[in-house]
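Here's the structure, in structure tokens; my notes come after.
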Amino acid sequence: MKREIGDDIPIGDEWHEPDAGVAIGWVLESLFTPVAAFRNREMLYKLLGQTERLAAATKKGFKDINSQLQATSRMTLQNRMALDMLLLKEHGVCQYLKTKIDHCCIHIPNMTLEVEKDISQLETIEFKTRDIEKEAQHNWIGEIFKSLGLSVSGWVSSVIQNVLLFAVLLLIIWLVYKCVLGVIERETRRTRRVMRALTRDNEKYPPPPKYEIAVGRENPAFEKPDDD
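FYI, the numbering for the sequence shown is 397 to 624, going by this note's numbering.
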């Protein structure tokens, strides 16, 4: 019995864009850079693990299907040869079926080579995914110690890396503090020099006399009488 396989089989697409609430949550989370970086790295590592599992499972499925197809093809050819020998008087299966050409002239394509290529590509993807996963676990501290002939990995390298990053952060804060303090001190010294210069100018040119004293000198009538 011939089975017709249609090409219009609907394929469900489960992927969709995140909704507005999720997008807003991502925006708010991005405001906290350390937390967002940690979550992104964690999600990427989990995605690498799922990709590796997917590649391994798909490779195993292809191998199983390839083995089954090869066995089915060999069995089919053997059955066809047996039928041809049994129906030798009728000149084989095709002459026995006569007008039923669809059941006689059947060609079984040999896709073994193509399937093997696909399996090889899946193996390559699996190996590359493992390399990326190992690279995600390593850090630059481990690479530096490795270049020096020392083996430092795991939580020790993470602790050393975090301590160095914290020390670098403190150094940057200290340098910024020194720069700001230097600018403030320079401006303070400049202000003091300006104030001293203004004070010296006031000593050279004393302030004018008060109004009552000046008027009394010009008009003797305004002078106070002497006390007898």
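Note that the Cβ used here is the ideal one computed from N, Cα and C, for glycine as well.
Sixteen is the threshold: when 16 or more other Cβ atoms of the shown chains lie within 10 Å of the Cβ of T525, as they do, the residue is buried.
Scanning its chain for C-beta atoms nearer than 8 Å, with the 5 sequence neighbours on each side dropped, one finds around V489 the residues R476, L479, D480, L483, C500, in chain order.
A distance below 7 Å separates the beta carbons of I521 and A451.
DSSP places E510 within a helical segment (H, G or I) once states are collapsed to three.
Put simply, of I504, V431, Q517 the residue whose alpha carbon is nearest the alpha carbon of F458 is Q517.
According to the DSSP assignment, L482 belongs to the alpha helix (DSSP H) that extends over 429 to 482. V423 and I569 have their C-alpha atoms roughly 27 Å apart.
Between the alpha carbons of L571 and V564 lies a gap of roughly 10 Å.
Looking at the backbone, the Cα of V579 and that of R588 are separated by about 14 Å. Shown here, L571 sits in a helix according to DSSP, grouped into three states. Annotation for L444: T525, I528, E529, A532 place their beta carbon closer than 8 Å to its own, counting only its chain and skipping 5 residues before and after. Under the three-state reduction of DSSP, D415 is assigned to coil, being neither helix nor strand. The alpha carbon of L509 has as its nearest neighbour, out of R449, K442, G545, N462, the alpha carbon of N462. Annotated as proximal: A432 and S426, with beta-carbon spacing under 7 Å.
As the crow flies, the alpha-carbon of F562 is around 45 Å from that of R592.
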